[in-house]
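So the structure is just underneath, and the comments pick up after that.
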Amino acid sequence: MNICDEIEKFLLDALGNEKSVLISRNSLSRHFDCAPSQINYVLTTRFGAERGFVTSSKRGGGGYIEIARVDVADGDCLCSVLKKEIGEELSFGKARGIFETLCERGEVSEREKRILLSALTDQALDCPLMLRDRLRARIVRAALSEIAREKKEG
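One point on numbering: in the UniProt record's numbering, the residue at position 54 of the sequence shown is 54, and numbering is uninterrupted.
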């Protein structure tokens with residue numbers, strides 16, 4: 001297991017079934033004998049909205065980080081929350097993270113995830129590079145809207 005995997009596992013274990021956890025970035029980097037930038041990398045790549053988390057930094061006093069699960073209101077679904085988090089552009093990696101999270105949480109099936117991801121690859125989106133991530137973001141927002149609509153209609 002590499003250090004990023006170890007840090008992710010540690011943070012997930014610390015979070016457990018709680019809605020959020022507050023951790024000192026410096027303590028974490030000392031515990032894993034790594035640079036604080038390594039902690040930032042794990043937070044950015046493994047604890048983003050596309051994976052069902054929100055992270056925030058608390059400045060001062062050792063640089064605390066709060067990791068919270070995306071709060072999904074009653075009658076709402078994760079799709080609606082994630083749709084609001086997608087900007088004008090979306091990389092394939094972030095799109096994959098979104099649909100992996102939705103699959104893990106039972107919002108989409110494994111089959112639906114694979115179909116959607118196959119349509120979002122760079123090869124499938126055969127357009128100029130500067131437009132590809134914009135097009136991918138629009139497609140994912142549309143898919144999330146439809147998934148949320150179907151979930152509401154039951």
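The beta carbon of each residue, even a glycine, is placed where N, CA and C say it ideally should be.
Own chain residues within Cβ distance below 6 Å of residue i, not counting five before or after
i, result
"residue 46", "8"
"residue 23", "65"
"residue 94", "50"
Residues of its chain near residue i, where Cβ-Cβ distance is below 8 Å and the 5 sequence neighbours each way are ignored
i, result
"residue 4", "38, 41, 42, 45 and 46"
"residue 15", "21, 67 and 69"
"residue 110", "103"
"residue 29", "35, 36, 38 and 39"
"residue 105", "52 and 78"
Opening and closing residue of the beta strand (DSSP E) in which residue i lies
i, result
"residue 21", "20 to 24"
"residue 66", "64 to 69"
Element boundaries [alpha helix (DSSP H), containing residue i]
i, result
"residue 14", "3 to 15"
"residue 133", "129 to 153"
Selection from the options that minimises the alpha carbon distance to residue i
i, options, result
"residue 108", "150, 31, 48 and 13", "150"
"residue 36", "65, 90, 115 and 82", "65"
"residue 131", "2, 90 and 17", "90"
"residue 96", "63, 55, 48 and 127", "48"
Supposed contact pair residue j and residue i - C-beta distance, whole angstroms, cut 8 Å
i, j, result
"residue 51", "residue 121", "20 Å between Cβ atoms; not a contact."
"residue 134", "residue 88", "6 Å"
"residue 116", "residue 143", "6 Å"
Residues that DSSP places opposite residue i in a beta bridge
i, result
"residue 53", "69"
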